[in-house]
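What follows is one structure encoded as structure tokens, with my remarks underneath.
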Amino acid sequence: MSDNITVAGVSVDTRHWIGGRRVASAGTFTDHSPIDGRALGEIARGGPAEAEAAVAAAREAFPGWAATSRAERARILHAIADGVEKRIKELAIVETTDNGALLRSHRRGVMPRVAHNFRFFADWLLGLGHEDFDTRGHTNHVSWDPAGPCVLITPWNAPLMLATWKVAPALAAGDTVVLKPAEWSPLTGSLLADIAAEAGLPAGVLNVVQGYGSEIGDALTSHPDVRRISFTGSVPTARRIAESAAANLTPLSLELGGKSPLLVFADADLDLAVDLAVEQYDNAGQVCLAATRLLVEEPVAEEFTRRFVEKATALRQGDPRDEGTDIGPTIHPRQLEKIDGFVQRAVAAGARAVVGGHREEGQYYAPTLLTEVAQDSEIVQEEVFGPVLTLQTFAGEDEAVRLANDTRFGLAATVATGDRERAERVTARLVAGTVWVNCFFVRDLQAPFGGSRQSGVGREGGTWSFDFYCDLKNTVTAPKGWKRDHG
Numbered sequence: 244m245s246d247n248i249t250v251a252g253v254s255v256d257t258r259h260w261i262g263g264r265r266v267a268s269a270g271t272f273t274d275h276s277p278i279d280g281r282a283l284g285e286i287a288r289g290g291p292a293e294a295e296a297a298v299a300a301a302r303e304a305f306p307g308w309a310a311t312s313r314a315e316r317a318r319i320l321h322a323i324a325d326g327v328e329k330r331i332k333e334l335a336i337v338e339t340t341d342n343g344a345l346l347r348s349h350r351r352g353v354m355p356r357v358a359h360n361f362r363f364f365a366d367w368l369l370g371l372g373h374e375d376f377d378t379r380g381h382t383n384h385v386s387w388d389p390a391g392p393c394v395l396i397t398p399w400n401a402p403l404m405l406a407t408w409k410v411a412p413a414l415a416a417g418d419t420v421v422l423k424p425a426e427w428s429p430l431t432g433s434l435l436a437d438i439a440a441e442a443g444l445p446a447g448v449l450n451v452v453q454g455y456g457s458e459i460g461d462a463l464t465s466h467p468d469v470r471r472i473s474f475t476g477s478v479p480t481a482r483r484i485a486e487s488a489a490a491n492l493t494p495l496s497l498e499l500g501g502k503s504p505l506l507v508f509a510d511a512d513l514d515l516a517v518d519l520a521v522e523q524y525d526n527a528g529q530v531c532l533a534a535t536r537l538l539v540e541e542p543v544a545e546e547f548t549r550r551f552v553e554k555a556t557a558l559r560q561g562d563p564r565d566e567g568t569d570i571g572p573t574i575h576p577r578q579l580e581k582i583d584g585f586v587q588r589a590v591a592a593g594a595r596a597v598v599g600g601h602r603e604e605g606q607y608y609a610p611t612l613l614t615e616v617a618q619d620s621e622i623v624q625e626e627v628f629g630p631v632l633t634l635q636t637f638a639g640e641d642e643a644v645r646l647a648n649d650t651r652f653g654l655a656a657t658v659a660t661g662d663r664e665r666a667e668r669v670t671a672r673l674v675a676g677t678v679w680v681n682c683f684f685v686r687d688l689q690a691p692f693g694g695s696r697q698s699g700v701g702r703e704g705g706t707w708s709f710d711f712y713c714d715l716k717n718t719v720t721a722p723k724g725w726k727r728d729h730g
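Quick note on the numbering used here: the sequence shown kicks off at 244 and runs consecutively.
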């Protein structure tokens, strides 16, 4: 096979990046574009041998990178951000072709955010620290020591942005990285390796290996030299990773599924509430944070539904490279089958498709709203990860909170209300890692991000990221006993 493929005029190396060089595999897998199903090329398919080589490269590079000053690490991270900004158009078109998300979103929001991820953690590193404190005359000094090689396993729905949420703080912390991108969207991970090398990141500090699931994943997550594992994806895969990591007691950060609610109270700005609800179709519903359960107070439910249907049916679904497209394709035929299976089982159980409820041509699924759904039904309790919302009504705050909290997940929640005191009462009772009030998807990297219950373990963002990627050390020094004092 050729070592490079060309995607929309951009050359992408399909081999692994290990120890500062490109490495081929005996086997390959085919990467397809969800836009039209076209084969983009053959990707190196790694296994235990590639996993071992990548971890060995990260282990070898760790002492030098850990000893690199904070200022130099920050400088290199800013150089990586510069490289991303120079290639925003290329990164955007490659990722759109590879995973089907809107090109306009990639150009205007996603790829600039990738660069921001590196700049933010570079700057946060320089200010990181705790002031010394005193214990009966003894000085306590807390240091943030690099932990070691990290394995980062990232999803397909926002490949580069979600990868750099992990890569940037790990590198800033002084750790070395083995990045395993999702097999359904591997291409921008390969481009990131090129950008990092051009920015002067030393060989072995960032390694990128490609492969299918457990074929390479088990070897990475069970490796005794790995000091941290961060994973974003499904609950079943997280359980497997946790079992694999248990033998070595490797610390885990897990950002998992969601079945988030949008609570619409009768005093809400109804136009705003409808806009928030329709926004949940973003990225064809392939967003872990999406508020897929619409909970609407009874007095406004009929009017809310009418306005929602009007707005949702006006959405334009099609080629994500077109500026006027609102919803692109689902990532893979297997995901399309999964989405349709959820919807058809729900309809068979008595749900009514007010909007959509069917496939479109190719890998496209019509934006769907299901009503007349039971709280204990599969469609309400399980993550679909597609453009499928349900609508239920409630009579008051207590019922709204009960319905909102009645799943095994707790990733996020959104509240639409015109009453500030009600917002405070309700948000205090919601089980969620993030709650948005009269807004959606506003995320500051200073804030903690993660889920409760089966939506995850740990938090990312700001100091919380460094808490995970560092070994914190407290040094306690006595005030006396010195034979020599150079002060």
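C-beta atoms are modelled at their ideal positions from N, C-alpha and C, and glycine is treated no differently.
Only a predicted model underlies this, so the values are computations on that prediction, with no experimental measurement involved.
Tell me where the alpha helix (DSSP H) around Thr311 begins and ends.
For the purposes of this step, residue 311 is taken as residue 68 along the sequence shown, with counting starting at 1. Per DSSP, Thr311 belongs to no alpha helix (DSSP H) and is neither H nor E.
Taking the alpha-carbon of Ala411 as reference, which of Val685, Leu449, Asn383 has the nearest alpha-carbon?
Here residue 411 refers to the residue found at position 168 of the sequence shown. The residue with the shortest Cα to Cα distance from Ala411 is Leu449.
Any idea which residues DSSP pairs Trp707 with across the strands?
Taking the sequence shown and counting its residues from 1, the one referred to as residue 707 is at position 464. Trp707 is not bridged to any residue.
For Asn526 versus Ala358, is the C-beta distance shorter than 9 Å?
Residue numbering aside, residue 526 sits at position 283 when the sequence shown is read from its first letter. Residue numbering aside, residue 358 sits at position 115 when the sequence shown is read from its first letter. For Asn526 and Ala358, no; Cβs fall outside 9 Å.
Between which two residues does the beta strand (DSSP E) harbouring Phe683 extend?
For the purposes of this step, residue 683 is taken as residue 440 along the sequence shown, with counting starting at 1. Counting along the chain, Phe683 falls outside any beta strand (DSSP E), and DSSP gives it neither H nor E.
C-beta neighbour in chain C for Thr397, strict 9 Å
Protein chains in the displayed structure number just one, and chain C is not present.
Leaving out the 5 sequence neighbours to the left and right, which residues in its chain are closer than 8 Å to Val337 when beta-carbon positions are compared?
Your numbering for residue 337 matches position 94 in the sequence shown. Val250, Ala251, Val253, Val255, Leu430, Thr431, Leu434.
Take every Cβ of the stretch 639 to 647, pair it with every Cβ of the stretch 596 to 614, and state whether three or more of those distances are shorter than 8 Å.
no
Does the pairing of the stretch 484 to 501 with the stretch 311 to 328 give three or more beta-carbon distances under 8 Å?
no
Any chance the stretch 671 to 678 sits against the stretch 381 to 396, with 3 or more Cβ pairs inside 8 Å?
no
Using the Cβ count rule (16 or more neighbours within 10 Å means buried), how would you classify Ala436?
Here residue 436 corresponds to residue number 193 of the sequence shown, with the count starting at 1. So Ala436 ends up on the buried side.
Consider the C-beta atom of Ala335 and the heavy atoms of the ligand COA; say whether any pair is separated by less than 8 Å.
This structure does not include the ligand COA; it has no bound ligands of any sort.
Taking Val616 and Val623 to be in contact with their CB atoms under 8 Å, please state how far apart those CB atoms are, rounded to whole angstroms.
On the sequence shown, residue 616 is found 373 positions in, with the first residue counted as 1. On the sequence shown, residue 623 is found 380 positions in, with the first residue counted as 1. Yes, they are in contact, since the Cβ atoms of Val616 and Val623 sit about 5 Å apart, within 8 Å.
Assuming Val394 contacts Ile472 under a Cβ cut-off of 8 Å, what Cβ separation, rounded to an integer in Å, is found between them?
If you number the sequence shown from 1, residue 394 lands on position 151. If you number the sequence shown from 1, residue 472 lands on position 229. The Cβ separation is near 5 Å, so the contact holds.
Tell me whether Leu418 is buried or exposed, calling it buried when 16 or more other Cβ atoms sit within 10 Å of its Cβ.
Start at 1 with the first residue of the sequence shown, and residue 418 comes out as number 175. Checking the displayed sequence, the identity of residue 418 turns out to be Asp instead of Leu. Asp418 comes out buried.
Considering only the alpha carbon of each residue, which of Ala335, Leu505, Ala439, Asn247 lies closest to Thr636?
Locating residue 636 in the sequence shown gives position 393, counting from the first residue. The option with the nearest alpha carbon to Thr636 is Leu505.
Rounded separation between Asp279 and Gly270 - CA only:
Taking the first residue of the sequence shown as position 1, residue 279 is located at position 36. Taking the first residue of the sequence shown as position 1, residue 270 is located at position 27. Cα to Cα, Asp279 sits roughly 25 Å from Gly270.
Range of the contiguous alpha helix (DSSP H) that encloses Pro355:
Working through the sequence shown from its first residue, we reach residue 355 at position 112. 354 to 370 is the span of the alpha helix (DSSP H), which, as asked, contains Pro355.
Alpha carbon to alpha carbon, what distance is there between Lys502 and Glu625?
Start at 1 with the first residue of the sequence shown, and residue 625 comes out as number 382. Start at 1 with the first residue of the sequence shown, and residue 502 comes out as number 259. When rounded, the distance between both Cα atoms is 7 Å.
Please state whether DSSP places Glu621 in a helix, a strand or coil.
Reading the sequence shown from its first residue, position 378 is the one you call residue 621. Helix at Glu621.
Is it the case that the stretch 366 to 379 contacts the stretch 300 to 317, given that we only count it when at least three CB pairs across the two stretches are under 8 Å?
yes
Tell me, to the nearest whole angstrom, how far the beta carbon of Ala690 is from that of Gly701; I am working on the premise that it is less than 8 Å.
As a first step, residue 690 must be located in the sequence shown, where it is residue number 447. As a first step, residue 701 must be located in the sequence shown, where it is residue number 458. Incorrect: roughly 14 Å between the Cβ atoms, too far for contact.
Could you tell me the distance, in whole angstroms, from the CA atom of Gln606 to the CA atom of Arg351?
What you label residue 606 is simply residue 363 of the sequence shown in a count that begins at 1. What you label residue 351 is simply residue 108 of the sequence shown in a count that begins at 1. Gln606 and Arg351: Cα-Cα distance of roughly 25 Å.
Element boundaries [alpha helix (DSSP H), containing Gln578]
Taking the sequence shown and counting its residues from 1, one reaches residue 578 at position 335. Segment 576 to 591, the alpha helix (DSSP H) holding Gln578.
Which residue wins for smallest C-alpha separation from Asp375, given the options Arg727, Thr718, Leu283, Asp562?
The residue given as residue 375 occupies position 132 in the sequence shown. Comparing Cα positions, the closest option is Thr718.
Grab the span of the beta strand (DSSP E) containing Thr720 for me, first residue to last.
Stepping through the sequence shown from its first residue, residue 720 is reached at position 477. That run of the beta strand (DSSP E) goes 713 to 720.
Quick check: Asp662 and Phe508, are their CB atoms within less than 9 Å of each other?
The residue you call residue 662 lines up with position 419 of the sequence shown. The residue you call residue 508 lines up with position 265 of the sequence shown. Yes. Within cutoff.
Helix, strand or coil for Leu646? Go by DSSP, reduced to three states.
Against the sequence shown, residue 646 aligns to sequence position 403. Residue state, collapsed to three classes: helix.
Through-space distance from His373 to Leu715, alpha-carbon basis:
Residue 715 sits at position 472 when you count from the first residue of the sequence shown. Residue 373 sits at position 130 when you count from the first residue of the sequence shown. Approximately 11 Å, taken between the alpha carbons.
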